[in-house]
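Each residue of the sequence shown is one higher than the last, beginning at 82 in the working numbering. Note that beta-carbon positions come from the ideal geometry of N, C-alpha and C, so glycine has one too.
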Amino acid sequence: MPAHDVSPLEGKFLYLLAKIKGAKRILEIGTLGAYSTIWFAKALPVDGRIITLEYDEKHAIVAKENIEKSSYQSQIELIQGRARSSLENLIAQKVSPFDLIFIDADKASNPEYLVLVLQLAKSGTVIVGDNVVRNGEIINSFSEDPSVVGIRRYIEGLDHVQHELESTVLQTVGIKGYDGFSISVVR
Ligand code: SAH
Ligand code: DHB
Ligand code: MG
Numbered sequence: 082m083p084a085h086d087v088s089p090l091e092g093k094f095l096y097l098l099a100k101i102k103g104a105k106r107i108l109e110i111g112t113l114g115a116y117s118t119i120w121f122a123k124a125l126p127v128d129g130r131i132i133t134l135e136y137d138e139k140h141a142i143v144a145k146e147n148i149e150k151s152s153y154q155s156q157i158e159l160i161q162g163r164a165r166s167s168l169e170n171l172i173a174q175k176v177s178p179f180d181l182i183f184i185d186a187d188k189a190s191n192p193e194y195l196v197l198v199l200q201l202a203k204s205g206t207v208i209v210g211d212n213v214v215r216n217g218e219i220i221n222s223f224s225e226d227p228s229v230v231g232i233r234r235y236i237e238g239l240d241h242v243q244h245e246l247e248s249t250v251l252q253t254v255g256i257k258g259y260d261g262f263s264i265s266v267v268r
């Protein structure tokens, strides 16, 4: 498993954000071992729910094991498959909008995820993007790293939909190095 889970302090931050929001429905793109998933689940009221999307079969198996060991199994739904098609399915199913959405999968797809998650949001929905600073690499406009390009386009996307979203970027430093979160709220 890649060590790409959020740090404990970041997990607590996400948990607090979900609590402050009073989120009852959370959507996560990128489960890995369900570490951030379980932080979010802890913040849910008893009738709350988190749907988490994961492509990698091996990661999904580990995530399921961790979810079963947690006390939040009944509140977590893991959907295995490419996030893009899972999101399209959720949109087609007209599921209720989410209160909080965490985007943390393949960063190259972030611009696409932004367009899709806006269709699963409502006024007041909080959208958080992980890894938007990447050791400062994000300001390297010459970077050809698909993750950096994806995040740069994602942040431009946040700017382009200013009529729909209010956004900022918060830089973080800690045991996972220097990185950051984008935080947006739907108008
Ligand atoms: N949110 C997790 C970390 C996620 S790491 C935590 O903080 O604990 C990113 C995950 O996204 C990896 O498990 C990777 O397999 C998954 N991923 C990558 N591309 C994906 C895609 N197209 N659809 C769904 N998941 C994807
Ligand atoms: C990477 C991805 C992540 O989601 C993360 O939190 C840290 C690193 C990466 O792809 O390098
Ligand atoms: Mg991440």
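Closer than 6 Å: residue i CB and nearest ligand 1 heavy atom
{"i": "Leu113", "result": "yes"}
{"i": "Ser151", "result": "no"}
{"i": "Arg130", "result": "no"}
{"i": "Leu251", "result": "no"}
{"i": "Arg106", "result": "no"}
{"i": "Arg163", "result": "yes"}
Selected residue, minimal CA-CA separation from residue i, among the options
{"i": "Gly92", "options": "Ala124, Ile110, Ala104, Lys105", "result": "Ala124"}
{"i": "Ile219", "options": "Val230, Ser166, Gly205", "result": "Val230"}
{"i": "Thr253", "options": "Ser263, Glu245, Glu247", "result": "Ser263"}
{"i": "Thr133", "options": "Val127, Pro126, Gly114", "result": "Gly114"}
{"i": "Val127", "options": "Gln154, Ile148, Ile101", "result": "Gln154"}
{"i": "Ile202", "options": "Ile148, Lys257, Lys105, Gly255", "result": "The sequence given here has Ala at residue 202, not Ile. The candidate whose alpha carbon is nearest that of Ala202 is Lys105."}
{"i": "His244", "options": "Ser265, Ala99, Gly258, Ser166", "result": "Ser265"}
{"i": "Ser204", "options": "Val267, Asn147, Gln156", "result": "Val267"}
heavy atom of ligand 3 below 6 Å from residue i C-beta
{"i": "Asp211", "result": "yes"}
{"i": "Asp137", "result": "no"}
{"i": "Asp185", "result": "yes"}
Element boundaries [beta strand (DSSP E), containing residue i]
{"i": "Asp260", "result": "258–267"}
{"i": "Arg163", "result": "Run containing Arg163: none; DSSP gives neither H nor E here."}
{"i": "Phe183", "result": "181–184"}
Presumed contact (8 Å Cβ cut-off) between residue i and residue j, rounded CB distance
{"i": "Asn212", "j": "Lys188", "result": "6 Å"}
{"i": "Ile131", "j": "Asn191", "result": "In fact, because the Cβ distance is near 20 Å, the residues do not count as touching under 8 Å."}
{"i": "Arg163", "j": "Tyr194", "result": "Not quite, the Cβ-Cβ distance comes to about 11 Å (not below 8 Å), so this is no contact."}
Terminal residues of the alpha helix (DSSP H) in which residue i lies
{"i": "Thr133", "result": "Premise fails: Thr133 lies in the beta strand (DSSP E), 130–135, not in any alpha helix (DSSP H)."}
{"i": "Ser228", "result": "227–241"}
{"i": "Ser248", "result": "That residue, Ser248, is in no alpha helix (DSSP H); its beta strand (DSSP E) goes 246–255."}
{"i": "Leu125", "result": "No alpha helix (DSSP H) holds Leu125; DSSP gives it neither H nor E."}
{"i": "Ile148", "result": "138–150"}
Proximity test, residue i beta-carbon vs ligand 2 heavy atom, cut-off 6 Å
{"i": "His85", "result": "yes"}
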